[in-house]
Amino acid sequence: MEPPKRLRTAAGDAETPSGERGEAGSAVDVSVVMPVYNASCWLDECLQAISEQDFTGSMELSVYDDASTDDVMLHQRVRLQYEVSVLHPNSVFTSHGPTVVMPTWFCSKNWFLKVGPFDEGGKGVPEDLLFFYQSLRRGGGLSRVDQCLLVYRYHEKAATHSVTEETIWKLRVDYLQERVLSQWESFTIWNAGKQGRKLYRCLSWANQKKVKAFCDVDYNKIQKGFYTYEESKEIPKPKVPILHYRAASAPFIICVKLDMTGGVLEQNLNSLQLKEGTDYYHFN
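If you're matching positions, the sequence shown starts at 1 in the UniProt record's numbering and goes up one per residue.
Laid out in structure tokens, this is it:
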């Protein structure tokens, strides 16, 4: 028998399983905030996904006719993220890998209020990413639920398209340098290909000097021996060795996309007995 739904009404009272009102002003366990804009063709599917959550605590739904973010949650999402949030009240929670754009993460209301409001800079501002970074600066943790929690919908009118790839890239590089590279004396970039070289070129001069090598699994790249930074104004041009990953040393910045190597990247990392957050960080 399925558990009865416990939803808070617009007036702020909790609806009990028997249909009677709970105590006025009583707190709910989870609030689902759903901003929408011109999303009528997807509302039924989205609301159905929320109503079918297997979470048995009290839950409220707040819908705002504002922005376009009405993605499909898998039935276990609220329950799984809530269970982890009770154990780690000052953390932001994500599903699977390092993607942090909304709506892939989840946090308590108290932590949201402590971190501060979203950046209201307007169109083209990645307010979700900025909030996430501010959470980490305030000492917030990050916990990961290693299960699929939602299906993310892309469409041509989505607000996410107003944020340029270069804006996101610059923010990520700046934060990487601020929080990680500033603590390291040297490191290896895992990927001698396009993304790894781009990261190297975007680093500050001081952090470029910390790069002791690129590493890769591609024999052709390794055979080249070095990457030459041709755009540099230095004379002679900086040259960075390219090594096989087994010949390279930690710490690493991983510039390889997850789920794109058929599990080979994960196997290689495990073979070296590396610890994420200490011996390597993902930047992909």
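Beta carbons are placed, not taken as given, at the ideal position from N, Cα and C, and that holds for glycine. This one's a predicted model, so the numbers in the text were calculated from it and none came from an experiment.
Under a Cβ-count criterion, where at least 16 other Cβ atoms within 10 Å of its own Cβ denotes burial, should residue i be classed as buried or exposed?
i: proline 126; result: buried
i: aspartate 146; result: exposed
i: glutamate 23; result: Only weak support is given to the placement of glutamate 23: the predicted model assigns it a pLDDT of 44, under 50, and the question is left unresolved by the model.
i: asparagine 220; result: exposed
i: glutamine 273; result: exposed
i: isoleucine 242; result: buried
i: cysteine 46; result: buried
i: valine 115; result: buried
i: glycine 277; result: exposed
i: isoleucine 235; result: exposed
i: aspartate 70; result: For aspartate 70, the predicted model reports a pLDDT of 43, less than 50, meaning its position is unreliable; a value from the coordinates is still stated below. So aspartate 70 ends up on the buried side.
i: methionine 59; result: buried
i: tyrosine 133; result: buried
i: leucine 43; result: exposed
i: leucine 199; result: buried
i: alanine 39; result: buried
i: residue 289; result: The structure shown does not extend to residue 289, since the chain spans only 1 to 284, so no value can be given for it.
i: glycine 263; result: exposed
i: serine 186; result: exposed
i: serine 62; result: exposed
i: glycine 139; result: exposed
i: glycine 196; result: buried
i: alanine 248; result: buried
Residue i: which of the options sits nearest, CA to CA?
i: arginine 79; options: Tyr64, Gln53, Val63, Ser62; result: Gln53
i: phenylalanine 226; options: Val217, Pro238, Glu234; result: Pro238
i: asparagine 110; options: His282, Val28, Val256; result: Val28
i: tyrosine 280; options: Cys107, Ile242, Cys215; result: Cys215
i: tryptophan 205; options: Glu60, Ser135, Ser182; result: Ser182
i: threonine 167; options: Gly196, Pro35, Leu129; result: Leu129
i: asparagine 284; options: Ile253, Tyr133, Glu178, Tyr245; result: Ile253
i: valine 240; options: Ala247, Val115, Thr188; result: Thr188
i: isoleucine 50; options: Gln195, Leu150, Arg144; result: Leu150
i: lysine 275; options: Arg246, Pro251, Gly57, Gln223; result: Pro251
i: lysine 224; options: Arg246, Tyr245, Ala192; result: Ala192
i: lysine 194; options: Lys257, Gly57, Pro35; result: Lys257
i: aspartate 259; options: Cys41, Phe112, Tyr245, His282; result: His282
i: threonine 261; options: Val163, Asp218, Gln48; result: Asp218
In the DSSP assignment, what are the bridge partners of residue i?
i: threonine 56; result: None, per the DSSP bridge assignment.
i: phenylalanine 214; result: Ile189, Ile242
i: methionine 34; result: Val63
i: threonine 164; result: Answer is none; threonine 164 lacks a bridge partner.
i: tyrosine 227; result: Val240
i: isoleucine 253; result: Ile189, Tyr281
i: glutamate 178; result: Answer is none; glutamate 178 lacks a bridge partner.
i: glutamate 127; result: Looking at the DSSP assignment, glutamate 127 forms no beta bridge with any residue, so it has no partner.
i: lysine 266; result: A quick correction: the sequence has glutamate, not lysine, at residue 266. Bridge partners of glutamate 266: none, in fact.
i: glutamate 276; result: Tyr280
Which whole-angstrom value describes the C-beta separation of residue i and residue j, a residue pair presumed to lie in contact below a C-beta threshold of 8 Å?
i: valine 33; j: phenylalanine 55; result: Valine 33 to phenylalanine 55, Cβ: 15 Å. No contact.
i: tryptophan 184; j: cysteine 255; result: 16 Å between Cβ atoms; not a contact.
i: leucine 136; j: arginine 201; result: Actually they are not in contact, since the Cβ atoms of leucine 136 and arginine 201 sit about 25 Å apart, beyond 8 Å.
i: phenylalanine 118; j: phenylalanine 106; result: So it is not a contact: roughly 15 Å between Cβ atoms.
i: glutamine 177; j: leucine 142; result: In fact, because the Cβ distance is near 19 Å, the residues do not count as touching under 8 Å.
**OP:** Could you say if the region 167 to 185 and the region 225 to 236 meet the contact criterion of at least three C-beta pairs nearer than 8 Å?
**Re:** A contact is defined here as three or more CB-CB pairs under 8 Å, and the region 167 to 185 fails this definition with respect to the region 225 to 236.
Original post:
Are at least three pairs of beta-carbons, each pair with one atom in the region 195 to 211 and one in the region 260 to 268, less than 8 Å apart?
Top reply: No: the two stretches stay apart, fewer than three of their Cβ pairs being nearer than 8 Å.
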